[in-house]
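Start counting the sequence shown at 36; every next residue gets the next number (the numbering used here). Beta carbons are placed, not taken as given, at the ideal position from N, Cα and C, and that holds for glycine.
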Amino acid sequence: MSDKKISHWTSDADLVEQFLLRRLDSKKISECGMHLYDCEQCRRIVEQEAELIAGIRRFGRREIKKSLRARLKNEEGFSLAWTQIVSVAAAVFLILIGAAIYKLWVEPEQEGSM
């Protein structure tokens, strides 16, 4: 038995995350994979991290879907009541009538007085 200390790359949490998210170059991924093939302790750590990442993704997806559903429900709920539409139409109608009256009666009187 040798006194040589075994180095476990899984002691670096950032490296484990990068490995699982495939953010390492192919040479580094290969090196880490070779170590995993021989080291059960590191395999367990990587499996646990993979489960954690999968859980976070599932949770994130559920929360995003939940948020989107709520937003869509709020947007679907936004509609104008018929009374609001009639009120706006009446206001526009009155403005047009007022403009027509001004154009037909007030402007000719102002031109005649000049």
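query                                                                                                                                                      : result
Do we get a CB-CB distance below 9 Å when we pair Ala105 with the residues of chain B?                                                                     : The displayed structure is made up of one protein chain only, and chain B is not part of it.
Where are the alpha helix (DSSP H) runs, 4 residues long or more, that stay fully inside the segment 40 to 65, in chain order?                             : 48 to 55
Taking the C-alpha atoms as reference points, what is the distance between Gly133 and Ile99?                                                               : 51 Å
Roughly how many whole angstroms lie between the Cα atoms of Leu71 and Ile64?                                                                              : 10 Å
Identify the continuous alpha helix (DSSP H) that holds Val123 and give its terminal residues.                                                             : 117 to 136
Given this structure, state the Cα-to-Cα distance separating Gly95 from Ile130, to the nearest angstrom.                                                   : 52 Å
As an exercise, report each continuous beta strand (DSSP E) stretch of at least 3 residues that is fully enclosed by the segment 65 to 93, in chain order. : none
Please report the straight-line C-alpha distance between Gln83 and Ile120, rounded to a whole angstrom.                                                    : 58 Å
Taking the alpha carbon of Asn43 as the reference point, which residue from Leu56, Gln53, Lys62, Asp73 has its own alpha carbon closest?                   : The sequence shown places His at residue 43, not Asn. Among Leu56, Gln53, Lys62, Asp73, the Cα nearest to that of His43 is on Asp73.
Looking at Ile88 and Leu55, is the spacing between their C-beta atoms short of 9 Å?                                                                        : yes
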